[in-house]
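Below is one structure, written out as structure tokens; the observations come after it.
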Amino acid sequence: FKNMTTQVLFAAVAFCATIAGHVAALPLSAQMMKTTTGGGGAILKPAYREGGSATKVRIAFYTESLCPDCRNFTLGALATAFQNGISEVMEIDLVPYGNARRDKVTGELTCQHGPLECTFNKVFGCASHLYPEQQQWFRFLHCMEEQKPLMMQSAL
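For reference, each letter of the sequence shown is one residue, going -25 to -1, 1 to 131 in mature numbering (1 follows the signal peptide of the UniProt record, and there is no 0).
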């Protein structure tokens, strides 16, 4: 099961990396998968970009990768906002952490919607780090959200 999930996730990451405009999509996919499927339960902490424009409003978009409401927001209202030029007036920091919790003793990460959500959260976090332009990471995020039903079906 885990091997199949990793293969499906890798294929989706490669596809969406291409959609996001990354020239070297396959190496990027491999880098993401290495980061997200490695041991130790490491998670990327949100990286708020230093500096930025003084004329733009800065917000943090906290999301959970397997949350149906977050998916609906991303594919609906947020997609519409990006189409209407939100990038011109806002800087959005993607924080794919949601209701995840880290055990203070063991350091183990637990996500509200299960272990697969922790993996997807890491992939989303990688995308926001590897794509500094919010248009790029949003195209990747949007693509992954669109592909998720197929990935979930293949993983079962």
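Glycine included, each C-beta is placed from N, C-alpha and C at the ideal position.
Around the C-beta of residue 114, 16 or more other C-beta atoms lie within 10 Å, and the residue is accordingly described as buried. For residue 92, there is no enclosing beta strand (DSSP E); the residue is part of the alpha helix (DSSP H) that begins and ends at 90 to 105.
With contacts defined by Cβ atoms closer than 8 Å, residue 42 and residue 88 form a contacting pair. Our two residues, residue 63 and residue 36, have alpha carbons roughly 16 Å apart in a direct line. Taking all protein chains shown into account, residue 120 has 16 or more neighbouring C-beta atoms within 10 Å of its C-beta and is therefore buried. With respect to the 8 Å criterion, residue 38 and residue 73 are classified as neighbours on the basis of their beta carbons. Each of 128, 54, 31 and -15 was checked against the Cα of residue 116, and the nearest Cα belongs to 54.
Here residue 92 is buried: its Cβ has 16 or more other Cβ atoms, across all protein chains shown, within 10 Å. Membership of residue 78 in any alpha helix (DSSP H) is not indicated, and neither H nor E is assigned to it by DSSP. If you draw a 10 Å sphere on the C-beta of residue 34, you find fewer than 16 other C-beta atoms in it, and that means exposed.
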